[in-house]
Structure formats: C-alpha cells, structure tokens
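A.B. asks:
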Amino acid sequence: MIRFYFSVFVFLFGSFISEAQTVFFDTSAMNNEVQSGHLKMGNPGPDGAQLLVNNRYLTLHGKPIIPVMGEMHFSRCPEAEWENLILKMKANGINIIATYVFWIYHEEIEGRFDWSGNKNFRKFIELCAQHGMWVYPRLGPWCHGEVRNGAMPDWILNKTNMSDRTNHPVYQHYAERWLGEVANQMSGLYYKDGGPVIGVQLENEYWRGKKGEAHIVWLKQVVRKSGVDVPLYTVTGWRHASVPQDEVIPLWGGYPSAPWATNIKSAGANPVFDFESPANVENIGNEVSTSKGYSVDYSRYPYFTCELGVGNQITYHRRPVIGSLEGLAIATVKVGSGSNLPGYYVFAGGSNPVGLLTTLQEEKDDTGYWNDYPVISYDFQAAIRETGELSPAYQELKKLHYFLNEFGDRLAPMSSVLPESNSDHALRCAVRAKDNSGFLFVSNYSRNTALMPCKKQQFSVTTNNEVIVLPKHPVTIPDSSVFIWPFNFEMGDALLKYATAQPVAKMDGLAADTWFFVQNGSIVPEFVLDATSVTSVSFNHQRVKAAKDDYVVRVENPGIQPGLEFLDIKGAAHRIVVLSPAEAQQMWLVSNDLGKNLFVSDVNLTLSNASLHLFGEQPTGEVFAFEDNSFAKLPEAIDTLGWFTRHLFNQPAKAFTAKVRPQNYFEKAKWLKSTPEKISSRQQLFHTFFVKEIGVYQTSEIKAATLFCYSDVEARLRVNGRWVNQPLIPGSANAIDLTGYLHKGENVLLVDVPFVESNGGWIASLVVDFLNSDRLEIPSDRSWLSVTDYRIPVYGQALRNAAEPVVMDNRPMPLDIPGWPVRFAIELPDLDFSGLQNLYLNINYRGDKAKLRLNNRLVADNFYNGEVFSVALKKLRRQLTAGTLELELSPLKKEALIYFEKVDRTMLFNAGVTSVTVKPIYSSEIGVE
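Numbers given in the working numbering equal positions in the sequence shown, counted from 1, plus 122.
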C-alpha cells in the first residue's frame, strides 16, 4: 500500500475568472412539501422501527432513509453460495435484496410444488435476515425475468378455457393457489413479525392501462388474504402500466443498452443517462408502441426504481459490452433527478436451472417470446457476475451506495432542480437541495462516446439566503467523471461550505468523528469551512489560517495516512480523510452486529458477525482497518498508518493447468467391421446388419436426434421399422437427422450394409438432445449386435442370430463435418480448494456461442461478445470427479443477423479455442473479537 501525503494551500478569495464556464441553479423556490397518509400500504412494523412511505421517501422510525435495492434470484444461484453472495451485496452497500419467485421453477408439473435446494425460498429469506438484509419478493404470477413464458408454467398456458393474467375465474383459481403457496413460504418472516420482508411486487410490466387496474387490485386482495401484510406494495411503472390510485406504488427503471431491440444497429443516444430523463422509459423489454389516453398522477408516489441496469443480458441477436461506469452513471443521474430508492436489476447474476420437461430460458421458437437467451447463463454483466466474481462496476458503485447509506437522511427530503437556461449545458448536472444545503450531481459520461473535458468549470447555486459558487477556483471536469459534491454540509456543529470531493462515510470515533471523502478523478479536492463554525483548523498539527470568512484547504495528494483536523464551534473534534481514486476502489464500509468499520484493501472483503472474509486473485495483500472507533479490534496488526492498522493477507500460491484437446464427434465410437474380405457365390446378395436397441426414458421430450456416421460403402438406415429417406454418402462423414424417427421408450436402429468384397467399416455416434438440454450419446461399440443374412431382418427376428460385432482397432477417426460445432475436451488437474474461495475456468474462444457439458449435462453456456467465458468450478466439484468437461463451439454463420458491439464478426466464422486457464481466488478468514 503506497503512503500518500498532501499539501495544504490557503487562497485569498477573488472575483470569478472571467472565462470560466458557469452553470447556474436556483433552489430558492423549491417545493419540498410532503404528502403522507394517502397510500394504502400494509403494516409498517413494530413501534420504534416503523417503515413508512410518503409521496417523496421512506422513513424508518420517523427518519428519512434512502435504501439501496439489488436483485438476486435465489433460484438461479447455488444454495451453497447464497450466504457468500448476500455478504458481497451487503459489503457493496445494498440494503434490500429483491428476488423474483418464478412459478415455473416451483410448479413445472401441475400440482407438484418444489421448494427444495436452490428453490428453498424460506431458507433464503432467513439467511438474508441473519445478515441484516431486507427482502423484496417480486411475486408475479407473471414475472418475465427472461424466463420461459415469463415464468408461467406450460401447463397453465395449455388450458384452453382460460385467459391468463386477467380476472378470468379459472386463472384466478390457479393464481390464488400459487400466491398462497408463496405466502406460506414467507409466513412469520414479514416486517411486522420482526422479519426482513418489507414489501412485495405484484405482477410485472402489466401494460394494460385503466382496464388492468381491477386485476392489480384483485392480486393485492389475494396476497393480503394470504397473510402478506407488508409496508409496501408495488408494480413496475413503465409504459402504460396499470396503477390503481394509491393501492400500489409504481417503480421505474432504465438500462444502458437495449439487447431486446428488434434491429442489429447501434443503439444510439440513450436518455437514461440524462438528468430528469423520463421515469417512464418506454423501451424496457421490447419495442411495442405504448398506448395513449391513460394518465396517472405520479406526484402521489415517491420516485423509486427497481430496474436500473448495472449491465444487460445478452440476447442472441444483440451482443452489447457494458462498461464499468454505466451503472454508476445511471444510478447517480436517477438519484440526482429525485429518486429516493435506487434498485438494480440484476445486481448478482445467476444460472438458469434445467427443467424436468424443457429448458427454462426465454426463447422464441417454442413460446413466441421476444428474444433468445442462453440456456444456462444469466450473467447479465452484473456487478456480481454469474460466477460470483466482482466486476469493475461493483467497485465503482460502492462510493454511491456508501454515500446513500450514510447521508440518505439528509438527501431524501431534498428536491431536484436542473440548470437555468443561461447555463452551459455541455455538462450533465443537477442539484438537490432543501433550505440552504444540498448536493451537486455531475455525470460527464456517455456510453461508448468520449466526451470533451469541461474546462474552467464553476457552479453557482442560489439558495434561500445566499449564492454559493463552487469551486472558488474553476476546475476541469474530465470525461467519464461521475460524482456528488456537498454544499452547506453540516459536520457536527461545523459547516462545510462545499467540497470538491464526494462524502462517503462518517465514523463516530473515540477521539474524534472522522469524515471520509473520495477524490473524483484528477480534480483536486477543495474544502471550504465556514470560519464562524470552527475554532481551529490544522494539518499535521500545524495551524491553518482563515482567508476572510472561510478556511480553504486544497488536498493535492489524497491518501489514507494524513487528514485534515478541526474543532467545531462547540469544541468537538473532527477529522477529514480523503481517499484517492485508487483507494476509493479499495474502500469497504462494512457492518455487523458489533457496528461498522471502514477498510482500505487491495483484496476484496465481506464481514459477517463472526469474521472478516478476505479474498482476491493474488495470494498476498494488505488490509488497512480504521481503528479509532468502537468496532472490535482485529488481531495481528503489523503496524499502523495514521488512524489505520495494517494487516496482511497471505496465502500459499497455487497453480492449475488445464489441458485442451480437439474432440472428434466419433471419439467415443469404435469401428465395426461391415463387409467381408471375401464373398462366396451364395453370399453375393447378403448384407451385414447392425442392430442397436435404444431406450429413451428421459422425462423431457426429444428435441433433436442426429446420427453422425461414416461407412466405407453404401448403407441404409431403418429406425423403428421405417426406412430413413436421407442419402448416406459413402467415404464421407454424414449427419443424418433422425428427429422424427426416434420416440420415447424403446427404439431399434438397424444399419443395412450390402456385402462388398473389401475390409470395410462402419462408425457412428447417435446424439439425442432433449427439450431440457440434456443429451444422450450412443456410440457404435460391441453392443451394436451384428447379423449377416440375405433377408432384411425385422424387429422380433433381428436378434435371433445376432452376434457380437468385430471391432476394427487402430483405424483413424473420420474428419468432422464442416459447418457443425467443433468439440474440445478440457482435462483438469485435481482441484484443491483449500485456501481458495473458488476456481474459475477462463475460456478464450472465437465463434458464435459455446456450450460446456459434463457427463452429457449442459452446465454452462455463452453467447460470444468478445469477453472471456468464465465458469465457476466450485459448483461442479462433485461431478468433476466423474468425467471430462466437453466444450462445444458453434461457428458464426455468415448470414447471421447479429449486432456485435465490439467484435469483428469475420473472425468468428471458424470456431476455435485461443486459451483455457484456471484462475484461483485466494481466501482467508480473520476472526473479529
């Protein structure tokens, strides 16, 4: 850890620099009135902890709050990883975990409910409660969530005398039964019971305007009758969503890209990055035109969001790459525009489970839905990736979330205002203020477009009784700057007139209260303290003199060691620590039952009640813990640095090597001798017949069946008594479609090879794919019995004289078939997970898409967009002992209609592997006293 120092400069205030670009705000006429008591919500919880909502914000025991909500789908994540993921979300500043409850996952077969394993909803809620996290279930019954049928089971949609998502009595019967089952899982865990469930979402994207209001009211009545009595009832608000007045609160969203767009062009400008962009973003989900004539009085409701995109899921026809700042920029803009609850979809990615009957992802062919998604992957380019890895966006978002956790009570009552018309509008910015204090929000960011730096920039804010100009010395705001600056910010009984750095935390210490700020890019942090509110200001025990009515301190080189110290007007001690941009990425504000603490660490960390969990890609690292507070001390400190103690993270280094080799379609098959070397006169019209009995007893139906085969001489195929009317070309590898010939149950495959005087052979591999992505592979081997006869045997006679075939050894495999996916075997060493949080298989490949199988079961997949295909090996550790991973790569078809954002498509026509590596994530625990 580098030790930083800073210098202090005192400047005389002068007139504005004439050539400065000034943005003007007038907050003096803001309307900060609050309307309460009109929203028909449920039980707000016990006295002393009531959670109430008005038309502006939430209050907890009467105090305004701005919680942060992140979505994680418990049923898309391994049960063994739930706690780890919950703690990662908590360490990022998330307070509420939203989660869909997908009907089709739990009742895929009518009347057979499954709440076990990864589907154990109640256990997930209890685990969230254990770690102090609120839970916000999204109940549906229709959810979307890129799930098959929007999560409606096939069986209910197959009922002909029913209209789904309406008040049709048949649908109501099944929907009420489903919601009752969900309510049973939550029983006793509601906020009123001391549990974590603070609200529920009804339906999703219910775009039926006025005519849909009755159904939303009915759903609310049903869940309340089932015992779901919670502080909040919500719906998604975008498009012409049905919002019966005061019965539910509409929630909003916005995504960095539009992978569902019905074109393959660049998405262009996105209003979601603009301050006061419309809450009702019309293009979420698809591009259906909105209906007109339905209006809702949104002033009655707070501006909350539930679907801000840190990333976007990749669809087959659109492959965006989402950067690290896009989630931060969107959330900062929404909060700056007045939103008092940022909610992300999704914050933790996951993997779709495999159904008993079908795959469970959204797709177009069978269900008629909008998009095709990967069968397994629901990575979403989220802050926490599908594998559990932390993305760069995760690190960027912490500074916003910590700010809201610490200072949301100040921000929530503040209204938003945009620059006046005479301002320089090249910079996206807004102010939120109440009375004379507030925050300046700036986002000089644009997706996939470099912006010019805004040079010599100042901001002028007119409040009720003064004009604040900040900074006194104009600054250059670089491209991709996203920040929040305070003005008239109370620090105990001292007043910070403004700071050109973002506040993130306040630690109530034993010696002094310590305030943490982060530097915003290359902008020099400048702090201006009202001289009438402090009695002294010093740095390194050296007194700083006031200039006129203020103390002005510029922090040239921020870092964790030094700090600005001052006494407020009542003599209370305060300190300011400014973290550099690099340290802001390494900052962790975490809490447990003992309290909270701030760490700066080059490894990642989470905190439970029992221990501090450290993890990172490198086996060594440093952890600096802020120690001047009431939080339990960590053991084994190496030394101190300012107000921090230094601890070491040190694990033995490990190396793992994966071996990759091409795998032929016929690799598992054996050559069977099909023709005699000599033929007697009586055998000239004889044939060799291979007979293979195939039992197909999977629960899922057959999706496709392909016989990959090679014959030295002409041959014919007969399946279940029907001749296959497709040519089999001798001397070449063939792919024969048997989809319409095989069926569930017992099947008989017969191969007819006429006698030819030669030493000919037959080799084959039958590949049967099922609707739920399972696969059955049947290679030619000794179980393919052989019969030689003049007559064509029919079933019942075929095995009468059958004998074991002659296996021909040492014959080379046929070449693969051009245009078909290419296969590779990935052989892994013994995987020792001791001292590791996880191991990741990183696959660099080129092609259209990738599928990874283990023992014929699809375990991971990927649509190529230029990024690494990463697979968490920990969740496969038990199965890995029984087989080799098989990678299947599909080449891109030249005519494929796909928008690649950052890929040269011509490189994908020939699929192949560039590299396969195994990346360890080292881990250790430090107990807390």
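For each residue, glycine too, the CB sits at the ideal point set by N, CA and C.
For residue 906, name the three-state secondary structure that DSSP assigns.
C.D. replies: Correct three-state label for residue 906: coil.
A.B. asks: If you compare alpha carbons, which of 978, 520, 761 is closest to residue 820?
C.D. replies: 978
A.B. asks: Measure the C-alpha to C-alpha separation of residue 317 and residue 348 and round it to an integer number of angstroms.
C.D. replies: Cα to Cα, residue 317 sits roughly 17 Å from residue 348.
A.B. asks: Tell me which residue opens and which closes the alpha helix (DSSP H) that residue 244 is part of.
C.D. replies: For residue 244, the enclosing alpha helix (DSSP H) has its first and last residue at 243 to 252.
A.B. asks: Measuring alpha carbon to alpha carbon, tell me which of 844, 875, 827 ends up nearest residue 850.
C.D. replies: If we check each option's Cα against that of residue 850, 875 comes out closest.
A.B. asks: Can the beta-carbon of residue 618 be found less than 8 Å from the beta-carbon of residue 581?
C.D. replies: no
A.B. asks: To the nearest angstrom, report how far apart residue 369 and residue 322 are at their CA atoms.
C.D. replies: 13 Å
A.B. asks: Would you tell me roughly how many angstroms separate the C-alpha atoms of residue 677 and residue 1020, rounded to the nearest one?
C.D. replies: Residue 677 and residue 1020: Cα-Cα distance of roughly 49 Å.
A.B. asks: In the DSSP assignment, find the beta strand (DSSP E) that holds residue 327 and state where it starts and stops.
C.D. replies: Here residue 327 belongs to no beta strand (DSSP E), and DSSP marks it neither H nor E.
A.B. asks: Do residue 738 and residue 722 have their beta-carbon atoms positioned less than 8 Å apart in this structure?
C.D. replies: no
A.B. asks: Around the C-beta of residue 574, are 16 or more other C-beta atoms found within 10 angstroms, so that it is buried, or is it exposed?
C.D. replies: exposed
A.B. asks: Between the region 453 to 464 and the region 987 to 1004, can you find at least three pairs of beta-carbon atoms closer than 8 Å?
C.D. replies: no
A.B. asks: Could you pull out every unbroken beta strand (DSSP E) segment of at least 3 residues lying fully inside the region 431 to 500, listed in chain order?
C.D. replies: 465 to 470
A.B. asks: Mark residue 848 as exposed unless 16 or more other C-beta atoms lie within 10 angstroms of its C-beta, in which case mark it buried.
C.D. replies: exposed
A.B. asks: Out of 402, 709, 564, state which residue places its alpha-carbon closest to the alpha-carbon of residue 606.
C.D. replies: 564
A.B. asks: Just checking: is the beta-carbon of residue 490 within a distance shorter than 8 Å of some beta-carbon in chain C?
C.D. replies: Structure shown: chain C not included; a single protein chain is present.
A.B. asks: Alpha carbon to alpha carbon, what distance is there between residue 1048 and residue 585?
C.D. replies: 49 Å
A.B. asks: Please check the pair residue 658 and residue 689, which I expect to be a contact at CB under 8 Å, by giving their CB distance rounded to whole angstroms.
C.D. replies: 5 Å
A.B. asks: So within the region 304 to 370, which uninterrupted beta strand (DSSP E) runs reach at least 3 residues, ignoring any that extend past its ends?
C.D. replies: 321 to 324, 354 to 358
A.B. asks: At which residues does the beta strand (DSSP E) containing residue 630 begin and terminate?
C.D. replies: Following the DSSP letters along the chain, one finds residue 630 inside the beta strand (DSSP E) bounded by residues 624 to 630.
A.B. asks: Please say whether residue 300 and residue 249 have beta carbons closer to each other than 8 Å?
C.D. replies: no
A.B. asks: Just to confirm the assignment, what range does the alpha helix (DSSP H) spanning residue 205 have?
C.D. replies: First-last of the alpha helix (DSSP H) with residue 205: 204 to 213.
A.B. asks: Measure the alpha-carbon distance for residue 295 versus residue 255 and round it to whole angstroms.
C.D. replies: 33 Å
A.B. asks: Taking only three categories from DSSP, how would you classify residue 963?
C.D. replies: strand
A.B. asks: I need the straight-line Cα distance from residue 879 to residue 1006, nearest angstrom please.
C.D. replies: The alpha-carbon atoms of residue 879 and residue 1006 are separated by roughly 40 Å.
A.B. asks: Taking 6 Å as the limit between beta carbons, can you name the residues of its chain near residue 559, skipping five residues before and five after?
C.D. replies: If we look at residue 559 and ignore the five residues flanking it on each side, its Cβ neighbours are 610.
A.B. asks: Between the Cα of residue 671 and the Cα atoms of 161, 656, 898, which residue gives the shortest distance?
C.D. replies: 656
A.B. asks: Taking Cβ to Cβ, would you say residue 505 is nearer than 8 Å to residue 499?
C.D. replies: no
A.B. asks: Where residue 963 and residue 473 are concerned, what is the direct C-alpha to C-alpha distance, given to the nearest angstrom?
C.D. replies: Roughly 16 Å between the two C-alpha positions.
A.B. asks: Here's the rule I'm using: 16 or more other beta-carbon atoms within 10 Å means buried, otherwise exposed. How should residue 124 be labelled?
C.D. replies: Note on residue 124: pLDDT 35, under 50, position unreliable in the model; the coordinate value appears next. So residue 124 ends up on the exposed side.
A.B. asks: Any idea which residues DSSP pairs residue 258 with across the strands?
C.D. replies: DSSP output for residue 258 lists 220 as bridge partner(s).
A.B. asks: Does the region 377 to 392 come close enough to the region 352 to 365 to have 3 or more Cβ pairs within less than 8 Å?
C.D. replies: no
A.B. asks: If the criterion is Cβ atoms closer than 8 Å, does the pair residue 307 and residue 381 meet it?
C.D. replies: Not a contact, by the Cβ cut-off of 8 Å.
A.B. asks: Rounded to the nearest angstrom, how far is the Cβ of residue 623 from that of residue 647, given a contact under 8 Å?
C.D. replies: 4 Å
A.B. asks: In terms of residue numbering, what span does the alpha helix (DSSP H) encompassing residue 277 cover?
C.D. replies: 276 to 279
A.B. asks: Out of curiosity, what's the CA-to-CA distance linking residue 1042 and residue 734?
C.D. replies: If I take the Cα positions, the gap works out to 20 Å.
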